[in-house]
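Notes follow once the structure below has been shown.
There are 2 protein chains.
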Amino acid sequence: MAKVRLFIDHPLAAGQAVPLEADQAHYLSGVMRLGAGDEILVFNGRDGEWRCRIVDIRKRGGILEAAEQTAPQRDPPDLWLIFAPIKKARTDFIVEKAAEMGAARILPVQTDFTNSERIRQDRLQAHAVEAAEQCGGTFVPPVGDLLSLAKVLEGWDPSRSLLWADEAAAGEAAPLSDLPGGPWAILIGPEGGFSDAERQRLRALPFVHRISLGPRILRADTAAVAALTLWQAALGDWQRQDS
Amino acid sequence: MAKVRLFIDHPLAAGQAVPLEADQAHYLSGVMRLGAGDEILVFNGRDGEWRCRIVDIRKRGGILEAAEQTAPQRDPPDLWLIFAPIKKARTDFIVEKAAEMGAARILPVQTDFTNSERIRQDRLQAHAVEAAEQCGGTFVPPVGDLLSLAKVLEGWDPSRSLLWADEAAAGEAAPLSDLPGGPWAILIGPEGGFSDAERQRLRALPFVHRISLGPRILRADTAAVAALTLWQAALGDWQRQDS
Numbered sequence: 001m002a003k004v005r006l007f008i009d010h011p012l013a014a015g016q017a018v019p020l021e022a023d024q025a026h027y028l029s030g031v032m033r034l035g036a037g038d039e040i041l042v043f044n045g046r047d048g049e050w051r052c053r054i055v056d057i058r059k060r061g062g063i064l065e066a067a068e069q070t071a072p073q074r075d076p077p078d079l080w081l082i083f084a085p086i087k088k089a090r091t092d093f094i095v096e097k098a099a100e101m102g103a104a105r106i107l108p109v110q111t112d113f114t115n116s117e118r119i120r121q122d123r124l125q126a127h128a129v130e131a132a133e134q135c136g137g138t139f140v141p142p143v144g145d146l147l148s149l150a151k152v153l154e155g156w157d158p159s160r161s162l163l164w165a166d167e168a169a170a171g172e173a174a175p176l177s178d179l180p181g182g183p184w185a186i187l188i189g190p191e192g193g194f195s196d197a198e199r200q201r202l203r204a205l206p207f208v209h210r211i212s213l214g215p216r217i218l219r220a221d222t223a224a225v226a227a228l229t230l231w232q233a234a235l236g237d238w239q240r241q242d243s
Numbered sequence: 001m002a003k004v005r006l007f008i009d010h011p012l013a014a015g016q017a018v019p020l021e022a023d024q025a026h027y028l029s030g031v032m033r034l035g036a037g038d039e040i041l042v043f044n045g046r047d048g049e050w051r052c053r054i055v056d057i058r059k060r061g062g063i064l065e066a067a068e069q070t071a072p073q074r075d076p077p078d079l080w081l082i083f084a085p086i087k088k089a090r091t092d093f094i095v096e097k098a099a100e101m102g103a104a105r106i107l108p109v110q111t112d113f114t115n116s117e118r119i120r121q122d123r124l125q126a127h128a129v130e131a132a133e134q135c136g137g138t139f140v141p142p143v144g145d146l147l148s149l150a151k152v153l154e155g156w157d158p159s160r161s162l163l164w165a166d167e168a169a170a171g172e173a174a175p176l177s178d179l180p181g182g183p184w185a186i187l188i189g190p191e192g193g194f195s196d197a198e199r200q201r202l203r204a205l206p207f208v209h210r211i212s213l214g215p216r217i218l219r220a221d222t223a224a225v226a227a228l229t230l231w232q233a234a235l236g237d238w239q240r241q242d243s
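Encoded structure:
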């Protein structure tokens, strides 16, 4: 049975030839010890998952042939995760968890209390790909470049609701069951929270809904998983259970 | 303002002298550059949080004096987290997150598909302490020694309900709002899930309730945070909001 799962950005259909790049060929042949005739699972983020046969494999590349679709394409609900990058390991973790938990788009933002001036978008995107490979997903959320929170809010489409995990929301937040449907984004602040100016701005925006994540202070990475869980359970695809 | 927060296993009361061990004295003096007259926050897991003044500090130890209580003792709900240890970094992460999210006790268990034969209980306990120090908690969940799941279930008090995050529960699990009150534990399996024998045993136990964590496969550490979130929001202290 095919156990290896790879994301390959190439069209997938029955009989379709799929070229391997050098690092993919090295992984399959050098690391996983696979050769011509062996099978792997491949997804491209849009055509579902396909069982593919290795036709030819060399050091610098190779060719797969797509045999049959093993899982349909399944896209996550229209939910973005917006977060302020923190220390490297925890930022990687947030991206991995967002991909696992079914975020459709991941947007790192710079806030008044964010330390990082830049991110490695390509490295974070690779983490999202790896999470999808490991977790049986057929979708990979795109990871955006670092933008300022102010800029993101300026260009905001007001039909998209924004769930703000507000540390000061205890006792004031609306229950999740009262939240509207439609497209959503979750906003997670950096360690240290948001500045007073940011808090005022967020509180004044009509599409912002605050939630509380309990009486304990959560680290940003924990808060991201907790908020994604509450949203998926209340408004997302954890209720559909059609898998 | 006192910014450093330390767990010190010693009684705390107004005027109480609190001895520092060598590593604590080194941290305060050598790392944080604090000296006599400076203040820190101290908790011991049972007497709340206290502002303490450094009376004397040397290489091999020191003395604090407790001045006033800055936060009451706040114990988490009666919720245990039972999990199968996985790779080191993810095991550390599960313990950290359980402490942050308000688990009262953390129990690593060996299952049929668990790879690890042993854990470093002292290292995991230190992670729980650090999480409480960082997150403003006044309680530190004890981390148990590694036991077999079979043994844990044999000695189970049936008045404690067990929430089983079952990958195969989609469509069959009861809604969280139907779950009973009282003491609880959450059970998270290893990567690869539970064996058929374990699954049969769990399904037959009257105190076991299954929940689904959505249509995607979650890693064990993600599943732990997600299950803790759902429980805290439905049955725990995230609703009380009395902080």
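Protein chains in written order, with my numbering: chain A, 1 to 243; chain B, 1 to 243. Just so you know, even glycine gets a beta-carbon here, dropped at the ideal spot from N, CA and C.
- Annotated as distal: A103/A and G137/A, with beta-carbon spacing of 8 angstroms or more.
- Of the other Cβ atoms in all chains shown, 16 or more fall within 10 Å of the Cβ of V129/A; this residue is therefore buried.
- The beta carbon of E167/B is closer than 6 angstroms to those of G193 in its chain, skipping five residues each way along the sequence.
- Around the beta carbon of R210/B, 16 or more other beta carbons sit within 10 angstroms, so the residue counts as buried.
- Three or more Cβ pairs closer than 8 angstroms define a contact, and the stretch 181–197 of chain A falls short of that threshold against the stretch 180–192 of chain B.
- The CB of Q232/A comes closer than 7 angstroms to the CB of G214 in chain B, given here in chain order.
- For L228/A, the closest of P19/A, W164/A, R5/A by C-alpha to C-alpha distance is W164/A.
- DSSP places I94/A in the helix class (H, G or I) of the three-state scheme.
- The Cβ atoms of L79/A and W231/A sit closer than 8 angstroms to each other.
- Annotated three-state conformation of V208/A is strand, per DSSP.
- Put simply, the CB of G136/A is near chain B, with a gap under 8 angstroms to one of its CB atoms.
- Note on geometry: alpha-carbon atoms of A67/A and G35/A lie some 16 angstroms from one another.
- Assigned with DSSP and collapsed to three states, E21/B falls in coil, not helix or strand.
- In summary, G236/B is buried, with 16 or more beta-carbon neighbours lying within 10 Å of its beta-carbon over all protein chains present.
- Take S148/A, set aside five residues on each side of it, and the residues of its chain with a beta-carbon closer than 7 angstroms to its own are V109, Q110, in chain order.
- Within the stretch 180–237 of chain A, the runs of alpha helix (DSSP H) at least 4 residues long that lie entirely inside it are, in chain order, 196–204, 220–234.
- The Cβ atoms of I106/A and V143/A sit closer than 8 angstroms to each other.
- The contact set of T70/A on chain B, defined by CB atoms closer than 7 angstroms, is empty, because the minimum CB distance reaches about 14 angstroms.
- In this structure, DSSP gives S148/A an extended state, which the three-state scheme calls strand.
- Taken in chain order, the complete alpha helix (DSSP H) segments of 4 or more residues contained in the stretch 16–69 of chain B are 22–25.
- Within chain B, the residues whose beta carbon sits less than 7 angstroms from that of K97/A are T222, listed in sequence order.
- Judged by DSSP in its simplified three-state form, Q73/B adopts coil rather than helix or strand.
- Taking a C-beta distance under 8 angstroms as the contact criterion, D75/B and N44/B do not qualify as a contact pair.
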